[in-house]
Every structure is written in C-alpha cells, then in structure tokens.
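Read the structure below first, then the notes.
There are 2 protein chains.
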Amino acid sequence: MEEFSPRILPLLWRRSIKARKAVGRPPRLSVDLVVTTAIRIADAEGLEAASMARVAAELSVATMSLYTYVPSRPELADLMVDEVFWARDLRGEGTFRERVRLYAERTFAMYRAHPWLAELSRARPPLGPGMLAEQEFVLAAVATLGLPLRQLNPAATAIATWVTSAARHEAESALLRRTTGLSTDEWWLQRGELWESWFDVEAHPTMTAIWNGGAFDRGADEQAQDAYEYGLGLLLQGIEKSVEGDDRVP
Amino acid sequence: MEEFSPRILPLLWRRSIKARKAVGRPPRLSVDLVVTTAIRIADAEGLEAASMARVAAELSVATMSLYTYVPSRPELADLMVDEVFWARDLRGEGTFRERVRLYAERTFAMYRAHPWLAELSRARPPLGPGMLAEQEFVLAAVATLGLPLRQLNPAATAIATWVTSAARHEAESALLRRTTGLSTDEWWLQRGELWESWFDVEAHPTMTAIWNGGAFDRGADEQAQDAYEYGLGLLLQGIEKSVEGDDRVP
DNA sequence: ACTAGTTCCCGTAGGGTATACGGAATCATG
DNA sequence: CATGATTCCGTATACCCTACGGGAACTAGT
Chain A
1 MEEFSPRILP LLWRRSIKAR KAVGRPPRLS VDLVVTTAIR IADAEGLEAA SMARVAAELS
61 VATMSLYTYV PSRPELADLM VDEVFWARDL RGEGTFRERV RLYAERTFAM YRAHPWLAEL
121 SRARPPLGPG MLAEQEFVLA AVATLGLPLR QLNPAATAIA TWVTSAARHE AESALLRRTT
181 GLSTDEWWLQ RGELWESWFD VEAHPTMTAI WNGGAFDRGA DEQAQDAYEY GLGLLLQGIE
241 KSVEGDDRVP
Chain B
1 MEEFSPRILP LLWRRSIKAR KAVGRPPRLS VDLVVTTAIR IADAEGLEAA SMARVAAELS
61 VATMSLYTYV PSRPELADLM VDEVFWARDL RGEGTFRERV RLYAERTFAM YRAHPWLAEL
121 SRARPPLGPG MLAEQEFVLA AVATLGLPLR QLNPAATAIA TWVTSAARHE AESALLRRTT
181 GLSTDEWWLQ RGELWESWFD VEAHPTMTAI WNGGAFDRGA DEQAQDAYEY GLGLLLQGIE
241 KSVEGDDRVP
C-alpha cells in the first residue's frame with residue numbers, strides 16, 4: 001500500500017539534501033539555474049513570458065530538456081515562489097510591532113521586485129523552506145505578546161493575510177501599468193465618462209455625499225494604501241488589547 | 001482632440017439605454033445572452049472553459065460572431081463580473097453590524113455560486129452598476145456610525161477587502177478541489193512527508209510549540225475561516241470604537 | 001419593386017501555449 | 001570495451017485569441 005509521493009517536496013527542500021554520487025551523463029543545468037532563470041524572465045516580462053520554451057531558450061537548451069529538472073510548469077512556479085519567499089530572509093528580534101513592521105516591509109519589497117507573485121494563487125502554496133519561514137516568523141511575532149496558544153494562529157493568519165493582500169494589490173497595479181501602459185489614475189481618467197454619462201446620483205447618495213465633501217481627492221492607489229494602514233492599525237491594536245483581559249466595549 | 005472612449009462603459013450600463021430603432025440585419029443573439037451563457041459555462045467548468053469558441057458553440061454560432069456583441073474576451077469577463085455583482089442584490093436597512101453581516105453573507109454566496117470570480121483580478125474592476133452598488137452599500141453601512149467623512153472610505157475599503165479576500169480564498173479552494181479532485185485536507189495528507197522527512201524542529205520553535213500544544217487540530221480551511229472571523233471582529237470593533245472619541249491604548 | 005444604408009454573420013490564417021513518448025548521446029565503472 | 005544510468009531533445013497534438021474582409025439579411029425611402 002504505497003502512498004502517492006509528490007516529487008515536489010524533495011525539490012523544494014533540495015538544499016537539505018546531500019549530493020548523490022555522480023553517475024550517468026552529467027547535467028548541463030541545475031534546478032537552481034532553471035528556477036533563477038525563470039524568475040529573472042518573470043521579473044522583467046511577467047509570469048506568462050517565463051514559459052517552458054522561453055526559459056529553455058534563455059539557457060540555450062531544448063524545451064523538453066527542462067523536464068529533466070522540473071516535473072511540469074506548475075511545479076516550476078512553486079519553486080519560483082518558494083525561492084523568493086526564502087530570499088525575503090525573515091529574521092530578527094524585537095517587539096511585536098517591530099517584527100510586524102519588518103514583515104510588512106520585506107513583503108512589500110518582495111512583491112515589488114517580483115510582481116508576478118500576484119499572478120499565482122495563495123491557496124495550497126508550496127510547502128518549502130521559504131513558506132515555512134514566513135509562518136514561523138509571524139507566529140513568533142505574535143507569540144511575543146503572550147497570547148494563549150489557541151489564539152496565535154488566527155492572529156498570525158490575520159496579519160499575514162492583510163499584509164499580503166495589500167502587497168498583492170499593489171503588485172497587480174504595477175503589472176497592469178506595465179501591460180496596459182496606463183497608470184491607475186490614467187485608467188480612471190480614461191473612464192471619466194462614467195461620472196458624466198452613467199453615474200446615477202440618486203442611487204448612490206453616500207458616494208455622492210463623500211464626493212461633495214471632497215474626500216475623494218486622493219488617487220485610487222493612495223486610497224488603497226490608506227485603507228491598508230488603517231486596517232493594519234485596527235488589527236494590531238485589537239490583537240494587543242486582547243492580551244489585557246476584557247476587551248468589550250463599555 | 002478626441003478622447004479615447006472605451007466601448008466597455010456603454011456595455012456595462014446597457015440597461016440604462018433605451019433601445020435604438022431597428023435598422024439593418026436583426027441580431028440572433030444579445031449581449032445579455034452571451035454574458036449569461038458564458039457565466040453558466042464558467043460556473044460549471046471554470047473560467048477557462050468559457051472560451052470564445054466554447055461560448056459560441058453553446059449558442060450554435062460561429063466563434064467570430066461573438067465579436068459583434070463583445071469587443072474581446074477581457075471585456076466579456078468584465079461583463080460577467082458586473083453581472084453577478086449586480087445579481088448579488090445588495091439592499092437593506094439595519095444597523096452597521098446587520099448591514100455588514102448581510103454584505104458578507106451575500107458576498108460569500110456569490111463566490112460560492114461563481115467561484116471563477118477568484119480567477120479574475122480585483123484591480124481595475126468593471127465600473128458597472130454592480131460594482132458601484134457594492135461601493136454604495138458598504139459606504140452606507142459605515143456611514144450609519146456617524147464617522148467623519150474622511151474616515152468612511154478607508155473603513156469601507158477595509159471591510160470590503162477583508163470579506164472579499166476570505167470569500168475569494170474559499171472559492172479558490174473549491175476550484176482546486178474540482179480541478180485536482182482533492183480536498184484541502186487530502187492535499188495536506190498527501191504531503192504528510194513534509195513533517196516526517198523535511199520539517200526542521202529547531203528552525204521552527206513556535207510552530208512546534210503550537211503543534212505540541214494541540215492547537216493545530218483544525219483543518220486548513222477551518223483555520224482560514226477562524227482567522228477571517230477573528231479579523232472581522234477586530235476590524236468592526238475598531239471602527240465602532242473610533243466613533244467614541246479617543247481610542248489610544250492607555 | 002428597387003436601391004441605399006446599416007448591421008450581423010463568419011471562414012481563414014497566424015502565432016502562442018504545455019507535454020507524452022521514445023530514442024540518441026554521454027558519462028563512470030567494472 | 002561492455003554495461004547501466006542519466007541527460008538531452010525532435011515530433012506531434014490540441015488548445016487558445018482575434019485581424020481582416022466579404023457575403024447575407026434586414027429597414028427606409030423613393
């Protein structure tokens with residue numbers, strides 16, 4: 001009764017494996033080389049540009065040769081993701097807030113350097129060292145508060161989800177700017193007709209009130225950033241407060 | 001000096017347009033028919049199944065005929081999204097909490113019925129009636145609290161982002177279950193080798209402590225749900241508290 | 001009844017994508 | 001030099017989107 005054993009785990013954790021004795025035809029490439037090449041292409045031209053054919057061409061090798069190193073394209077994507085997660089290099093001491101700040105900064109930087117991350121699903125992520133390092137770091141950050149064990153995971157997941165959502169949103173915005181040639185503000189301007197020709201004032205009283213109050217003066221990307229910081233503040237404050245006993249509204 | 005005028009706005013707001021006088025060859029289909037057919041296919045088999053060729057075949061029409069009704073596939077996707085957003089039918093009175101609850105329930109139901117929504121980016125969404133109805137509803141919900149105008153938008157965006165993130169995550173999980181044939185738990189089980197062969201206890205003390213404390217007993221989907229509810233509670237509480245004056249930590 | 005104007009319908013053609021299969025090439029070892 | 005192991009890769013299949021342009025089908029006007 002043999003279990004199905006996915007070939008991806010040994011690949012993700014390949015750095016923990018000692019090299020086998022050399023036998024057979026020696027390889028021209030390596031998994032690392034394939035992965036870093038794919039990352040380089042995706043950084044510059046987007047995820048879909050990093051096709052098997054393109055990566056192979058970049059390495060002066062036939063397309064099918066890549067399948068010696070990587071089982072298929074989804075697995076290559078997993079390896080790319082865990083590689084940049086690992087390179088984020090989450091380490092450091094400090095208070096709860098300091099650690100969260102470090103986590104957020106590094107995460108935003110990672111998504112800015114590798115916006116194609118936003119083109120890949122977060123569900124069922126690669127279970128490699130990079131992914132686990134993130135889990136550990138955020139959990140450890142929350143643990144500094146002294147919360148009960150059962151509350152650590154929800155709190156850490158909430159923080160990671162919130163930060164990652166915002167970083168992904170920013171990355172998607174950057175990708176769209178590159179593929180369409182338009183910034184978010186230019187995109188909105190191009191659709192100014194919406195307000196002139198289609199918007200129904202009576203059906204949207206609250207939006208209209210805010211508009212008339214002049215509170216829509218910031219660009220769309222800035223509004224998203226505002227909401228991110230506002231929400232992060234509420235989350236952190238709520239998590240901290242839950243340590244000090246009763247947190248009901250009086 | 002003519003501005004570039006996107007053809008998509010009149011399509012999104014087509015219900016606000018009075019029918020033109022009939023002239024020329026009468027159409028066999030309609031925009032609504034194309035959009036609802038595409039939605040039906042995507043509901044049953046995923047977004048990529050709703051290709052131009054497939055939708056056309058379903059309507060017994062040649063592929064290129066669709067381009068009479070819809071400028072291109074991305075625009076068709078926009079129309080699909082706004083259609084189901086509009087069908088969510090967000091209306092209702094009530095307290096802040098009641099409205100947020102209604103918004104969350106309807107949103108989760110929408111993503112359950114149309115999981116392909118999670119395959120489309122949230123950045124630069126279709127600016128149609130469905131999208132604007134969501135904005136208005138959430139803003140109005142927050143407005144019941146009497147917050148200052150400038151705080152309405154960040155608060156509403158935070159709520160919508162949080163709820164939508166969770167609904168999308170659940171939808172992605174459902175999509176993966178369908179395409180892979182494995183539930184999330186089965187997927188984790190298949191990777192049990194991770195803990196046996198690869199996981200480094202010393203590098204992950206916090207995770208290990210939680211594990212030993214037995215706080216990892218819930219499945220991955222349930223953990224995500226827990227984190228969602230936990231975080232939503234913190235956000236709502238924080239937003240409510242900010243009405244009652246100073247909310248600093250003592 | 002005829003024509004002009006308008007709109008819809010759609011065949012063809014081109015450039016992408018991932019990967020199953022099987023055989024040739026290249027190495028260390030005995 | 002033979003053997004076994006491993007890498008390398010040519011071919012073929014089945015999708016995808018959409019630019020272009022010409023034929024078909026209708027109304028309105030005369």
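Those protein sequences? They're chains A and B, same order as listed.
For what it's worth, the UniProt record's numbering labels the leading residue of the first sequence as 1, then goes sequentially.
For what it's worth, the UniProt record's numbering labels the leading residue of the second sequence as 1, then goes sequentially.
By construction, the Cβ of each residue, glycine as well, lies at the ideal position given by its N, Cα and C atoms.
All figures in this text were calculated on a predicted structure; none of them were measured in a lab.
Please report the straight-line C-alpha distance between residue i and residue j, rounded to a whole angstrom.
{"i": "T206(B)", "j": "Q135(A)", "result": "9 angstroms"}
{"i": "S165(A)", "j": "A123(A)", "result": "13 angstroms"}
{"i": "V84(B)", "j": "H114(B)", "result": "8 angstroms"}
{"i": "L180(A)", "j": "E105(A)", "result": "The question names Leu, yet the displayed sequence has Thr at residue 180(A). Approximately 27 angstroms between the Cα atoms of the pair."}
{"i": "R218(A)", "j": "L152(A)", "result": "36 angstroms"}
{"i": "V70(A)", "j": "L47(A)", "result": "17 angstroms"}
{"i": "A140(B)", "j": "S242(B)", "result": "17 angstroms"}
{"i": "K18(B)", "j": "V31(B)", "result": "14 angstroms"}
{"i": "A174(B)", "j": "K21(B)", "result": "45 angstroms"}
{"i": "D185(B)", "j": "A167(A)", "result": "27 angstroms"}
{"i": "L176(A)", "j": "L235(A)", "result": "29 angstroms"}
{"i": "E93(A)", "j": "A143(A)", "result": "12 angstroms"}
{"i": "E2(A)", "j": "E193(B)", "result": "Legend: pLDDT at E2(A) = 37, less than 50; position of this residue unreliable, no value from coordinates given."}
{"i": "G231(A)", "j": "Q237(B)", "result": "11 angstroms"}
{"i": "P126(B)", "j": "P148(A)", "result": "43 angstroms"}
{"i": "E202(A)", "j": "G130(B)", "result": "15 angstroms"}
{"i": "T68(A)", "j": "F137(A)", "result": "34 angstroms"}
{"i": "V23(B)", "j": "G233(B)", "result": "57 angstroms"}
{"i": "E240(B)", "j": "E229(A)", "result": "17 angstroms"}
{"i": "D78(B)", "j": "H169(A)", "result": "18 angstroms"}
{"i": "R191(B)", "j": "G128(A)", "result": "11 angstroms"}
{"i": "P27(B)", "j": "L33(B)", "result": "11 angstroms"}
{"i": "T161(A)", "j": "L120(A)", "result": "15 angstroms"}
{"i": "N212(B)", "j": "D221(A)", "result": "43 angstroms"}
{"i": "T63(B)", "j": "L29(B)", "result": "13 angstroms"}
{"i": "D43(A)", "j": "R112(A)", "result": "9 angstroms"}
Just to make sure I have the definition right: I need the residues of chain B whose C-beta is within less than 7 angstroms of the C-beta of residue i. Which are they?
{"i": "G219(A)", "result": "Ordered by position in chain B, no residue passes the 7 angstroms Cβ test against G219(A), which lies about 12 angstroms from the chain."}
{"i": "D226(A)", "result": "P154"}
{"i": "T36(A)", "result": "By Cβ distance, chain B contributes nothing, its closest Cβ being about 21 angstroms from T36(A), past 7 angstroms."}
{"i": "Y103(A)", "result": "In chain order: nothing, as chain B lies at least about 14 angstroms away."}
{"i": "L127(A)", "result": "R191, L194"}
{"i": "S121(A)", "result": "E172"}
{"i": "W198(A)", "result": "L9, W13, S16"}
{"i": "W86(A)", "result": "By Cβ distance, chain B contributes nothing, its closest Cβ being about 12 angstroms from W86(A), past 7 angstroms."}
According to DSSP, is residue i part of a helix, a strand, or is it coil?
{"i": "E2(B)", "result": "Reliability of the predicted coordinates at E2(B) is poor, the pLDDT of 37 falling under 50, and the value obtained from them is presented with this limitation in mind. Coil, per DSSP."}
{"i": "K21(B)", "result": "coil"}
{"i": "E93(B)", "result": "coil"}
{"i": "E58(B)", "result": "helix"}
{"i": "S242(A)", "result": "coil"}
{"i": "residue 257(A)", "result": "Outside the displayed range of chain A (1 to 250) lies residue 257(A), so it cannot be described from this structure."}
{"i": "L149(B)", "result": "helix"}
{"i": "S72(A)", "result": "coil"}
{"i": "W13(A)", "result": "coil"}
{"i": "T184(A)", "result": "helix"}
{"i": "F216(B)", "result": "coil"}
{"i": "T144(A)", "result": "coil"}
Quick one: which chain B residues come within Cβ less than 8 angstroms of residue i?
{"i": "S51(A)", "result": "By Cβ distance, chain B contributes nothing, its closest Cβ being about 17 angstroms from S51(A), past 8 angstroms."}
{"i": "I239(A)", "result": "L234"}
{"i": "I210(A)", "result": "L139, L149, L152, N153"}
{"i": "T206(A)", "result": "E136, L139, A140, A143, L152"}
Would you please state the rounded distance, in angstroms, between the beta carbons of residue i and residue j? I believe it to be under 8 angstroms.
{"i": "A133(A)", "j": "W86(A)", "result": "7 angstroms"}
{"i": "M110(B)", "j": "R88(B)", "result": "5 angstroms"}
{"i": "M80(B)", "j": "I41(B)", "result": "Not quite, the Cβ-Cβ distance comes to about 10 angstroms (not below 8 angstroms), so this is no contact."}
{"i": "V163(A)", "j": "T107(A)", "result": "5 angstroms"}
{"i": "L145(B)", "j": "F96(B)", "result": "5 angstroms"}
Who are the neighbours of residue i on chain A, taking C-beta pairs under 8 angstroms?
{"i": "H114(B)", "result": "Those do not exist, as H114(B) stays about 17 angstroms from chain A at its closest Cβ, beyond 8 angstroms."}
{"i": "A215(B)", "result": "L149, R150, L152, N153"}
Name the chain B residues that come within less than 9 angstroms of residue i, Cβ to Cβ?
{"i": "T157(A)", "result": "Q223, A224, D226, A227, Y228, Y230, G231"}
{"i": "T161(A)", "result": "W162, S165, A166, H169, A224, A227, Y228, G231"}
For residue i, go through chain A and note every residue whose CB falls closer than 7 angstroms to its CB, in chain order.
{"i": "T179(B)", "result": "Going along chain A, no residue has its Cβ under 7 angstroms from T179(B), so there is no contact; the nearest lies around 11 angstroms."}
{"i": "residue 275(B)", "result": "Residue 275(B) falls outside the range modelled here, since chain B spans only 1 to 250, and no answer is possible."}
{"i": "L132(B)", "result": "H204"}
For residue i, go through chain A and note every residue whose CB falls closer than 9 angstroms to its CB, in chain order.
{"i": "P6(B)", "result": "Q190, R191, E193"}
{"i": "L176(B)", "result": "S121, A123, R124"}
Touching by the beta-carbon criterion (3+ pairs, under 8 angstroms), the segment 180 to 199 of chain B and the segment 5 to 20 of chain A: Judged by pairs of C-beta atoms under 8 angstroms, the segment 180 to 199 of chain B touches the segment 5 to 20 of chain A, as three or more such pairs exist.
Contact the segment 208 to 217 of chain A vs the segment 146 to 166 of chain A: 3+ CB pairs below 8 angstroms: No: the two stretches stay apart, fewer than three of their Cβ pairs being nearer than 8 angstroms.
Given 8 angstroms, three or more beta-carbon pairs between the segment 47 to 58 of chain A and the segment 91 to 102 of chain A: As far as the Cβ criterion goes, the segment 47 to 58 of chain A does not touch the segment 91 to 102 of chain A, which means the pair count is below three.
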